[in-house]
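Using this note's numbering, read the sequence shown as starting at 940 and increasing by one per residue. Single-structure report; data block below.
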Amino acid sequence: MIGLCLGLAGAVWAQLSISHFTLAWDHTIEKIRWEEDYRVTEQGLVLEEARVRGNGAGMEIAPDARLENGSWHMRRQLPPLQPLNLGRTPEAGDYQLCFDDQCQAMSRWVGAPTNSQPFIQMWTCKTG
């Protein structure tokens, strides 16, 4: 079975047996929530949809985005990501990982963000 691995440079810090998830965070400057839905495939992580409740620095709304329930919904055509690289520092706050109808801070699986380790990777991997 394939699932989601969290870690760095191929070193697995955590494995999750999930087939899809939402990665969510609050933009560090605009303080607006951003959400991205991913599907876990053998080729990598496939971005299915992104949602944001506004725009601002580094938060450009795609021309084909649609406004629905106060959020802009966008679909980007990207190849599968393997790995997905994420910046992660205490000043920026933590990402949330959402699956099975719950959102939890990424620190639950990999510890709190630190300045000495300012990024993390996510990738598709085989799980037990």
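Where is the CB? At the ideal position from N, CA and C, for every residue including glycine.
Closest by C-alpha distance to residue i, when choosing among the options
i       : options                            : result
Ser1010 : Asp1039, Cys944, Glu975            : Glu975
Gly1026 : Thr967, Ala1004, Trp1048           : Thr967
Gln1041 : Asp1003, Phe960, Thr1053           : Phe960
Pro1029 : Thr1066, Gln1060, Thr1053, His1012 : Thr1053
Through-space distance from residue j to residue i, alpha-carbon basis
i       : j       : result
Leu1020 : Val979  : 10 Å
Ser1055 : Glu999  : 30 Å
Arg990  : Val951  : 28 Å
Asn1008 : Val985  : 24 Å
Leu954  : Cys944  : In the sequence as displayed, the identity of residue 954 is Gln instead of Leu. If I take the Cα positions, the gap works out to 5 Å.
Arg921  : Val1049 : Because the chain here runs from 940 to 1067, residue 921 falls outside it and cannot be looked at.
Identity of the residues DSSP links to residue i by a beta bridge
i       : result
Glu981  : Per DSSP, none; premise fails for Glu981.
His1012 : Arg990, Arg1005
His959  : Arg978
Lys970  : BP columns for Lys970 are empty, so no partner.
Asp1081 : An answer regarding residue 1081 cannot be provided, because it is not within the stretch 940 to 1067 covered by the chain.
Supposed close pair residue i, residue j - CB separation, criterion 8 Å
i       : j       : result
Ile957  : Gly942  : 6 Å
Gly983  : Trp1062 : 7 Å
Arg1014 : Glu988  : 6 Å
Trp973  : Gln1035 : Trp973 to Gln1035, Cβ: 11 Å. No contact.
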